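> I'd like to ask you about the structure that follows.
In our numbering, the protein residues as written are 55 to 319.
Have a look at this one:
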């Protein structure tokens with residue numbers, strides 16, 4: 055498996071360039087879930103789900119509480135192992151990796167944005183963003199230099215040295231977006247990224263998240279219950295009772311088990 059991790063002496067993209075990039079029909083999927091099933095006791099959380107996401111593409115995953123949408127995200131992100139099926143990144147299987155390799159993959163090739171940001175409260179914003187780079191072996195000075203370049207494009211100029219408790223909810227989520235992408239993630243997973251925000255702030259955060267991941271040519275998977283959030287994504291898939299059903303996006307067709315649900319543009 056190729057390794058896009060940022061190590062000592064390597065520099066990632068120095069910040070978001072917000073040109074509009076649209077995935078096309080020829081864009082190969084960077085992330086594939088094939089026949090994913092997962093049970094917790096007698097509860098079938100996922101039932102033979104197929105989904106694919108292309109580089110630069112954003113996909114919203116919607117469904118009622120308990121539908122399996124968060125379990126799907128966890129399996130795709132290598133947080134949970136599926137009971138059956140496969141998860142492929144750049145065509146290579148990742149669901150069977152050993153735990154140390156799974157952790158390394160999540161750190162180097164995936165980025166995460168959670169509902170409440172999960173920033174480290176004792177660190178200033180710039181150190182929160184720089185942390186993935188330092189964990190990859192970059193010096194603190196170089197990591198912070200790279201991290202600072204993300205602040206102005208995300209509307210955070212002057213907030214570099216603020217601690218999370220000094221930031222608004224929207225500002226904290228934008229710091230989390232920078233942290234998710236600073237090390238060159240191929241796929242960003244966002245679990246209810248606007249759930250703790252008011253409507254206006256939430257719309258600004260999801261717009262920025264979609265734009266910056268697209269500009270970095272990273273795939274984006276967003277779990278949300280909010281249709282106004284899903285509208286910002288290139289397509290939407292609906293999950294119900296552990297299965298993908300027909301969604302609002304033109305790229306979604308068929309049903310789970312047919313091998314056609316969730317194909318990329």
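Note that beta-carbon positions come from the ideal geometry of N, C-alpha and C, so glycine has one too.
Keep in mind the model is a prediction, meaning the values are calculated, not measured.
Compute the Euclidean distance between the alpha carbons of residue 84 and residue 222, then round it to the nearest angstrom.
Their Cα atoms are separated by approximately 34 Å.
> Considering only C-alpha positions, which residue in the set 120, 130, 226 is nearest to residue 163?
Closest by alpha carbon: 130.
> Count the CB pairs spanning the segment 116-131 and the segment 206-213 that are closer than 8 Å, and state whether there are at least three.
No: fewer than three Cβ pairs fall under 8 Å.
> Over the uninterrupted beta strand (DSSP E) stretch that includes residue 107, give me the two end residues.
Looking at the DSSP string, the run of the beta strand (DSSP E) that includes residue 107 is 97-108.
> Quick check: the Cα distance between residue 118 and residue 294, rounded to an integer number of angstroms?
Cα to Cα, the separation comes out at about 7 Å.
> Which parts of the segment 141-168 are runs of the beta strand (DSSP E), unbroken and 3 residues or longer, counting only runs that do not cross its ends?
Listed in chain order, the complete beta strand (DSSP E) runs (minimum 3 residues) inside the segment 141-168 are 164-167.
> Report back the beta-carbon spacing between residue 227 and residue 247 to the nearest angstrom; my notes put them in contact at under 8 Å.
That belief holds up - the Cβ atoms of residue 227 and residue 247 are roughly 6 Å apart, short of 8 Å.
> Using a 10 Å radius around the Cβ and a threshold of 16 neighbouring Cβ atoms, would you call residue 79 buried or exposed?
Reliability of the predicted coordinates at residue 79 is poor, the pLDDT of 46 falling under 50, and the value obtained from them is presented with this limitation in mind. So residue 79 ends up on the exposed side.
> Between residue 188 and residue 195, is the Cβ-Cβ spacing less than 7 Å?
Cβ atoms of residue 188 and residue 195: not closer than 7 Å.
> What three-state label does DSSP hand residue 132 in the structure shown?
Three-state DSSP puts residue 132 in coil, outside helix and strand.
> Please state whether DSSP places residue 78 in a helix, a strand or coil.
Reliability of the predicted coordinates at residue 78 is poor, the pLDDT of 44 falling under 50, and the value obtained from them is presented with this limitation in mind. In this structure, residue 78 counts as coil in the three-state DSSP scheme.
> Any idea if residue 245 is buried or exposed, counting beta-carbon neighbours within 10 angstroms, 16 or more meaning buried?
When all chains shown are included, residue 245 counts as buried.
> If you reduce the DSSP assignment to three classes, tell me which class residue 83 lands in.
It is a strand residue.
> What are the residues that DSSP puts in a beta bridge with residue 114?
BP columns for residue 114 point to 276, 290.
> Tell me the start and end of each unbroken alpha helix (DSSP H) in the segment 198-241 that is at least 4 residues and wholly inside, in chain order.
Here the runs fully enclosed are 223-235.
> DSSP three-state call for residue 121: helix, strand or coil?
In the structure shown, residue 121 sits in coil (DSSP, three-state: anything other than H, G, I, E or B).
> Residue 166 to residue 242, Cα distance in whole Å?
Distance between the alpha carbons of residue 166 and residue 242: 6 Å.
> How many angstroms separate the CA atom of residue 237 from the CA atom of residue 138?
Straight-line Cα distance between these residues: approximately 31 Å.
> Give the secondary structure of residue 297 by DSSP, where H, G and I count as helix, E and B as strand, and everything else as coil.
Reduced to three states, the DSSP call for residue 297 is strand.
> Sorted by chain position, which residues of the same chain lie with C-beta nearer than 7 Å to residue 311's C-beta, five sequence neighbours on each side aside?
Only weak support exists for where residue 311 lies, its pLDDT of 29 falling under 50; the value from the coordinates is given anyway. The answer, listed in chain order, is 102.
> Tell me whether residue 364 is buried or exposed, calling it buried when 16 or more other Cβ atoms sit within 10 Å of its Cβ.
The structure shown does not extend to residue 364, since the chain is modelled only from 55 through 319, so no value can be given for it.
> Restricting to Cα atoms, I'd like to know which of 113, 215, 97, 252 is closest to residue 176.
Nearest option by C-alpha distance: 215.
> With residue 284 as the anchor, note down where its alpha helix (DSSP H) starts and where it stops.
Unbroken alpha helix (DSSP H) run through residue 284: 281-284.
> Specify whether the segment 278-295 and the segment 252-264 touch according to this definition: at least 3 beta carbon pairs, one from each stretch, less than 8 Å apart.
Cβ pair count under 8 Å is three or more, so yes.
> Taking buried to mean at least 16 other C-beta atoms within 10 Å of its own C-beta, is residue 134 buried or exposed?
Classification for residue 134: buried.
> Given a cut-off of 7 Å, decide if residue 182 and residue 156 are closer than it, judged by their beta-carbon atoms.
No.
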